[in-house]
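> I'd like to ask you about the structure that follows.
There are 2 protein chains.
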Amino acid sequence: MKRKKEELIDQLKEKGLKITSQRLAIVDALVENRHDHPGATLIFNEARKKSARVSLSTVYATLKEFSEYGLIRQLEFDRMENRYDVDLSDHVNLICNRCGKIFDYSIPASLEPRDIARKAGFVVTDTRLEFHGYCRDCLKRPD
Amino acid sequence: MKRKKEELIDQLKEKGLKITSQRLAIVDALVENRHDHPGATLIFNEARKKSARVSLSTVYATLKEFSEYGLIRQLEFDRMENRYDVDLSDHVNLICNRCGKIFDYSIPASLEPRDIARKAGFVVTDTRLEFHGYCRDCLKRPD
DNA sequence: TCTTCATTTCGGATTCATTCCAGTTTAGGA
DNA sequence: TCCTAAACTGGAATGAATCCGAAATGAAGA
C-alpha cells in the first residue's frame with residue numbers, strides 16, 4: 475500500500491492542481507498529524523516549522539480546496555476550529571468531552587454505545603448522526 | 475401527551491430557572507419553528523415579533539443554557555449559525571446540500587443510505603457520525 | 001532553456017457568529 | 001412589600017474563516 479503522502483500528491487496531479495512547496499508542506503502536516511485530526515492553526519505552525527514559506531490564508535484556501543476535491547474530510551465543531559481527517563474510510567469519530575481529543579473507531583462494527591465502551595474504552599454520552607445529501611424538492615428542481 | 479411548550483416550561487421550573495418573558499418568547503419560537511431547526515437569529519426575530527423585549531445576547535445565553543440543561547439540542551455547522559432542535563428523540567438529521575433544510579428521520583429504522591433514499595426521498599452523499607463522551611485517559615484522571 | 005499565463009500565494013482588511021462585561025432590571029421567595 | 005440572586009442589556013471584544021487586489025510561480029509549450 476502506497477504511503478498516504480504520495481497518494482495525496484498523486485491525486486493533486488490527477489486533478490490538475492499544481493504541486494507547490496506550500497501544498498507539500500500542508501500535505502506533510504496533514505499526514506504526520508493525522509491522528510490528531512489537525513486544525514488550520516496546527517497545520518499552519520507545522521508547515522512553518524518545515525522552513526516553508528506559507529501564509530494562514532493559503533492554509534485555509536488549501537484545506538478548503540482539498541476538502542472540496544474530496545482528498546480530505548472536514549470535521550466541523552462549535553466554538554472550535556474545523557479539524558481535518560485524511561482517513562476517508564468509514565469510521566466513527568469519538569470525541570472526548572474533557573480533553574477534546576478525537577479518536578477513530580472503525581466500522582463495520584457495532585455502533586452500540588455499550589460495545590464502544592467495551593472495545594474502545596470510550597464512554598459515549600452523546601451521539602451525533604448527520605446524513606448530508608439532496609432532499610426530495612432539490613432533486614426535482616433542475617438547476 | 476403534553477404540549478412541548480408546557481413541557482419545556484415545566485422543566486425550567488424543575489431546574490429552578492426563572493420564568494421570564496424573554497424565555498417564554500424563546501420557548502415559543504423554538505416550538506413553533508421546530509421543523510426548521512431554527513438558529514439564534516431566527517429565534518431572535520421571532521421573539522421580537524411577539525412584542526417581547528429581548529436582546530440577541532440573551533437569546534444566545536438562553537439557548538446555550540437550555541442546551542447545557544439538556545432541554546434542547548444544539549446542532550453545529552461550518553460557516554452557518556448553530557441550529558437548535560427541541561426533538562430529543564433518537565433521529566438522524568438529513569441535511570440538504572443545496573437548500574440547507576434539515577429533515578428528521580426517525581430511528582430505529584435502517585441507516586442504510588439506500589433505505590433512506592427510498593423511504594425519505596433523500597439522497598445521501600455524505601454521512602457524519604460523531605459519538606461524544608469520555609476517553610480512556612480522561613476516565614482515569616480524577617479531577 | 002525561455003516565455004507565458006493561469007494558478008497560487010500573500011497579508012491585510014473584513015465578515016460574521018458568538019461571547020464577554022459591567023451596569024441595570026426583575027422574578028419570586030421571605 | 002422587600003431583597004437578592006438570577007437574568008437581561010447593548011456595545012465591545014474575540015476568533016475562525018473569507019475576501020481581495022497585487023505579486024509570485026509552476027508547468028506547458030516554443
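If you're matching them up, the sequences are chains A and B in order.
475 is the number of the first residue of the first sequence in our numbering; add one for each residue after it.
475 is the number of the first residue of the second sequence in our numbering; add one for each residue after it.
From the three backbone atoms N, C-alpha and C, an ideal C-beta is built for every residue, glycine too.
#1: Verify the CB distance criterion: does residue 552 of chain A have a CB-CB separation below 8 Å to chain B?
#2: Going by DSSP in three states, residue 511 of chain B sits in which element: helix, strand or coil?
#3: With DSSP run on the structure shown, which of helix, strand or coil describes residue 531 of chain B?
#4: Taking the alpha helix (DSSP H) that residue 612 of chain B belongs to, which residues open and close that run?
#5: Expressed to the nearest angstrom, what Euclidean distance is found between the alpha-carbon atoms of residue 536 of chain B and residue 543 of chain B?
#6: Quick check: residue 511 of chain A and residue 559 of chain A, are their CB atoms within less than 8 Å of each other?
#7: Return helix, strand or coil for residue 562 of chain B, following the three-state DSSP convention.
#8: Roughly how far, in whole angstroms, is the beta-carbon of residue 612 of chain B from the beta-carbon of residue 570 of chain A, given that I think they are within contact range, below 8 Å?
#9: Please report the distance separating the alpha-carbon of residue 516 of chain A from that of residue 490 of chain A.
#10: Classify residue 555 of chain B as buried or exposed, calling it buried when 16 or more other Cβ atoms lie within 10 Å of its own Cβ.
#11: Just by C-beta distance, which residues in the region 501-521 of chain A are closer than 7 Å to chain B?
#12: Who are the neighbours of residue 536 of chain A on chain B, taking C-beta pairs under 9 Å?
#13: My assumption, with CB atoms under 8 Å, is that residue 514 of chain A sits in contact with residue 499 of chain A. Please give the rounded CB distance.
#14: With DSSP run on the structure shown, which of helix, strand or coil describes residue 599 of chain B?
#15: Compare the C-beta of residue 577 of chain A with all C-beta atoms of chain B and state if any pair is closer than 8 Å.
#16: Could you work out which residues of chain A lie near residue 613 of chain B, taking near to mean beta carbons separated by less than 8 Å?
#17: Between the C-alpha atoms of residue 608 of chain B and residue 548 of chain A, what's the straight-line distance to the nearest angstrom?
#18: If you draw a straight line from the alpha carbon of residue 494 of chain A to that of residue 478 of chain A, how long is it in whole angstroms?
#19: When you compare each of A/533, A/600, A/488 and A/594 to residue 503 of chain A by their alpha carbons, which one comes out closest?
#20: In the DSSP assignment, find the unbroken beta strand (DSSP E) run with residue 483 of chain B in it and report its ends.
#21: Suppose contacts are defined by Cβ-Cβ distances below 8 Å. Is residue 603 of chain A in contact with residue 562 of chain B by that definition?
#22: Ends of the alpha helix (DSSP H) at residue 504 of chain B?
#23: Determine the burial state of residue 527 of chain B: buried for a count of at least 16 other Cβ atoms within 10 Å of its Cβ, exposed for fewer.
#24: Checking contacts by CB at 8 Å: is residue 605 of chain A closer than that to chain B?
#25: Exposed or buried, which one is residue 610 of chain A when buried takes at least 16 other CB atoms within 10 Å?
#26: Could you give the residue range of the beta strand (DSSP E) that holds residue 549 of chain A?
According to the structure data:
#1: Counting from 1 along the first sequence, the entry for residue 552 of chain A is found at position 78. By this cut-off, residue 552 of chain A is an interface position.
#2: By 1-based counting over the second sequence, the position of residue 511 of chain B is 37. DSSP, reduced to helix, strand and coil, places residue 511 of chain B outside both helices and strands of the structure shown, so it counts as coil.
#3: Here residue 531 of chain B is taken as the residue at index 57 of the second sequence, counted from 1. Annotated three-state conformation of residue 531 of chain B is helix, per DSSP.
#4: In the second sequence, counting from the first residue as 1, residue 612 of chain B sits at position 138. It spans 610-614 - the alpha helix (DSSP H) in which residue 612 of chain B sits, taken as one unbroken run.
#5: As a working note, residue 536 of chain B is residue 62 in the second sequence. As a working note, residue 543 of chain B is residue 69 in the second sequence. If I take the Cα positions, the gap works out to 10 Å.
#6: Locating residue 511 of chain A in the first sequence gives position 37, where the first residue counts as 1. Locating residue 559 of chain A in the first sequence gives position 85, where the first residue counts as 1. Yes. Within cutoff.
#7: As a working note, residue 562 of chain B is residue 88 in the second sequence. Residue 562 of chain B: coil per DSSP, three-state reduction.
#8: Within the second sequence, the letter at position 138 stands for residue 612 of chain B. Within the first sequence, the letter at position 96 stands for residue 570 of chain A. For residue 612 of chain B against residue 570 of chain A, the beta-carbon gap comes to about 6 Å, under 8 Å, which counts as contact.
#9: By 1-based counting over the first sequence, the position of residue 516 of chain A is 42. By 1-based counting over the first sequence, the position of residue 490 of chain A is 16. Spanning the alpha carbons of residue 516 of chain A and residue 490 of chain A requires a straight line of approximately 27 Å.
#10: Reading the second sequence from its first residue, position 81 is the one you call residue 555 of chain B. Looking at its Cβ environment, which holds fewer than 16 other Cβ atoms inside 10 Å, residue 555 of chain B is exposed.
#11: Going along the region 501-521 of chain A in chain order, one finds no residue with a Cβ nearer than 7 Å to chain B.
#12: As a working note, residue 536 of chain A is residue 62 in the first sequence. Here the premise fails: no neighbours, minimum Cβ distance about 16 Å.
#13: Taking the first residue of the first sequence as 1, we reach residue 514 of chain A at position 40. Taking the first residue of the first sequence as 1, we reach residue 499 of chain A at position 25. About 13 Å separates the CB atoms of residue 514 of chain A and residue 499 of chain A; that is not less than 8 Å, and the two are not in contact.
#14: To locate residue 599 of chain B, count along the second sequence from 1; it is residue 125. In this structure, residue 599 of chain B counts as strand in the three-state DSSP scheme.
#15: Along the first sequence, one-based indexing puts residue 577 of chain A at 103. Yes, residue 577 of chain A lies at the interface with chain B (some Cβ there is under 8 Å from its Cβ).
#16: Position 139 of the second sequence, counted from the first residue, corresponds to residue 613 of chain B. Within 8 Å Cβ-Cβ: 595 and 597.
#17: Along the second sequence, one-based indexing puts residue 608 of chain B at 134. Along the first sequence, one-based indexing puts residue 548 of chain A at 74. Just so you know, the alpha carbons of residue 608 of chain B and residue 548 of chain A end up roughly 22 Å apart.
#18: Position 20 of the first sequence holds residue 494 of chain A. Position 4 of the first sequence holds residue 478 of chain A. Taking the Cα positions, residue 494 of chain A is about 18 Å away from residue 478 of chain A.
#19: Here residue 503 of chain A refers to the residue found at position 29 of the first sequence. Of the residues A/533, A/600, A/488 and A/594, the one whose Cα lies closest to the Cα of residue 503 of chain A is A/533.
#20: In the second sequence, the residue the question calls residue 483 of chain B occupies position 9. Per DSSP, residue 483 of chain B lies in no beta strand (DSSP E); the unbroken alpha helix (DSSP H) holding it starts and ends at 478-488.
#21: By 1-based counting over the first sequence, the position of residue 603 of chain A is 129. By 1-based counting over the second sequence, the position of residue 562 of chain B is 88. No Cβ-Cβ contact shorter than 8 Å links residue 603 of chain A with residue 562 of chain B.
#22: Numbered from 1 along the second sequence, position 30 holds the residue referred to as residue 504 of chain B. DSSP places residue 504 of chain B inside the alpha helix (DSSP H), whose first and last residues are 495-506.
#23: In the second sequence, the residue the question calls residue 527 of chain B occupies position 53. Its Cβ having fewer than 16 others within 10 Å, residue 527 of chain B is exposed.
#24: Along the first sequence, one-based indexing puts residue 605 of chain A at 131. Chain B, which has a Cβ nearer than 8 Å to the Cβ of residue 605 of chain A, makes this yes.
#25: In the first sequence, residue 610 of chain A corresponds to position 136, counting from 1. Residue 610 of chain A is exposed by the Cβ-count criterion.
#26: In the first sequence, residue 549 of chain A corresponds to position 75, counting from 1. Here the beta strand (DSSP E) through residue 549 of chain A covers 547-549.
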